[in-house]
Every structure is written in structure tokens, then in C-alpha cells.
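Notes for the one structure printed next.
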Amino acid sequence: MKRIFGSILITLLLVAPVFAQQPAPKTTAAQDGFVPVDAPLNQQDTIPAPRLVAAAYGFIWVVLFGYLWTVRSRLGKVEREMEAVGRRVAAGRK
Numbered sequence: 007m008k009r010i011f012g013s014i015l016i017t018l019l020l021v022a023p024v025f026a027q028q029p030a031p032k033t034t035a036a037q038d039g040f041v042p043v044d045a046p047l048n049q050q051d052t053i054p055a056p057r058l059v060a061a062a063y064g065f066i067w068v069v070l071f072g073y074l075w076t077v078r079s080r081l082g083k084v085e086r087e088m089e090a091v092g093r094r095v096a097a098g099r100k
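In terms of this note's numbering, the sequence shown is residues 7 to 100.
Pasting the structure below:
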């Protein structure tokens, strides 16, 4: 199952750039130069940057805390196993 999933993932990663490429739009003489825009032409053309940045930072913090929680739980499991092995070794020496 892992091999099938891995081969599908590799195939998608190799084929995705081919489908992502789009032909370059044709420009006219007026579009070749930079023309500054004072305000957005359409309200739908704006991107809510503060909300997106906050969501990105929130996602990173959630992932970081999730990772730290998993490391803490795995470390606790290893510590419990080491204590059990220590008790077995101590009991065997007596």
C-alpha cells in the first residue's frame, strides 16, 4: 500500500509542473511599461493580506505545537520503557 501511495505521489509531483505551466499572455505596447495604480480598480481585486498573514502564522503555530506535543509524548513513552528496563535489570541482578 505504501509503495502504491508513494508511486502515485511521485507521479503527481513529476507531472504537476507540466499542467501548471500556462502560456504567457500577449502584451500590447501600453502594457509593456509600468503604470502605477493609486487604488484598486475593483473591490474584488484586493487580497485581505492581514487575514491571510494571521491565518498563515496561526497554522504554523498549530503545527509547531502539534509537533512538540508528539515529541513530548514519544519522549515520555521512551522514558517509561527505560524505567521498566531498568527495573528488570535491577531485579535480574539480585
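For every residue, glycine included, the Cβ atom is placed at its ideal position computed from N, Cα and C. Only a predicted model underlies this, so the values are computations on that prediction, with no experimental measurement involved.
Could you tell me the boundaries of the alpha helix (DSSP H) in which residue i lies?
i	result
P56	A55 to R99
What is the rounded straight-line gap between the Cα of residue i and the Cα of residue j?
i	j	result
Q50	M88	59 angstroms
V41	R80	56 angstroms
V91	V84	10 angstroms
A68	P56	Before going further, note that residue 68 is Val rather than Ala in the sequence given. Approximately 18 angstroms, taken between the alpha carbons.
L18	L70	27 angstroms
R99	G82	26 angstroms
Among residues of its own chain, excluding the 5 on either side of residue i, which ones have a beta-carbon nearer than 6 angstroms to its beta-carbon?
i	result
G12	none
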